[in-house]
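Data block below; observations after.
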Amino acid sequence: MKKIDLGHLNGDILIFGGVYSNLHALEAFINYTINLGISAKNVICTGDIVAYCAYAEDSVKLIREFGCHVLAGNCERQLAIKSDDCGCGFEEGSMCSLLSKSWYAHARSQISNSSIDWMSDLPERIIFENNGSRYGVIHGGASDISKFVWPTDAEKVLEDEFNLLQKQIGYVDCVIAGHTGIPMKRDFNKKKWLNPGAIGLPANDGDIDTNFLTINKKMIINNKLEYDINSAYQAMQATSLIQGYHSTLKTGYWPSQETLPLSMRV
Ligand SMILES: [Fe+2]
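Under my numbering, the letters of the sequence shown match residues 117 to 382, in that order.
Given below as structure tokens:
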């Protein structure tokens, strides 16, 4: 397992993930960091650059040009091994699994050999320190890259994943994980579990703006990202990605909620 320790990071840190091939959202996010004067060295991506939207290869190219730290998501892992499916952990035969066949095939058709080589070399753990705390960044869970850890999960689930991660990378005060697409900030037993949500799709809450995270000296903030939704939507239509996720950009709701725990469905 490839791990990267960034040491101590000074200043504000931005955490984002789930770009999901939404180039317009990625451009807006990068412009936000530039406008704030935040260096790419203080920006970490939790993976899944490639998924539901139209611009898989261009999103990878842009993130490489930007030069932030990037963790492998399951989508990058699956593309790197030239797998036929996204490895998201969707149940066989479920709506999410059926929908993934369209967007994954589209992404796979776009991705260049250079991008596949780059994805193959991405780390699965990123570690950093800031303001007296040590953070461990993972994609889904410590036990499985595609594990969904939800805000409503029992404390035991978080505790077990947290303990396993500490066996892998040493003591941490806080875990940062992505994969679910849902922002999360949870305190338990003097520890913290954070999820920045996704910038590429809304969080199934009816809000069309998307999500990322800022860690600064005083607090941890869930931020909202505004971007050119119409252009992202039109690009999906133009590439026949019209199975449901294109509508999500405009409604804020996912086409299927079956991966969500019952208590989180709306
Ligand atoms: Fe994922």
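Built from N, CA and C at the ideal position, the CB exists for glycine as well.
Proximity of residue i and residue j at Cβ, strictly below 8 Å
i           : j           : result
residue 240 : residue 340 : no
residue 361 : residue 219 : yes
residue 179 : residue 142 : yes
residue 294 : residue 135 : no
residue 166 : residue 192 : yes
residue 402 : residue 122 : Outside the shown range of the chain (117 to 382) lies residue 402, about which nothing can therefore be said.
residue 288 : residue 281 : yes
residue 320 : residue 382 : yes
Residue i, DSSP secondary structure in three states
i           : result
residue 304 : strand
residue 272 : helix
residue 293 : strand
residue 278 : helix
residue 310 : strand
residue 212 : helix
residue 152 : helix
residue 241 : strand
Distance cut-off 7 Å: residue i Cβ against heavy atoms of ligand 1
i           : result
residue 137 : no
residue 191 : yes
residue 262 : yes
residue 201 : no
residue 322 : no
residue 290 : no
Exposed unless 16 or more other CB atoms sit within 10 angstroms - verdict on residue i
i           : result
residue 132 : buried
residue 367 : exposed
residue 227 : buried
residue 351 : buried
Of the listed residues the options, nearest to residue i (C-alpha basis)
i           : options            : result
residue 258 : 291, 269, 228, 358 : 291
residue 269 : 379, 288, 173      : 379
residue 145 : 365, 342, 356, 369 : 342
residue 203 : 327, 350, 263, 369 : 263
residue 271 : 297, 351, 304      : 304
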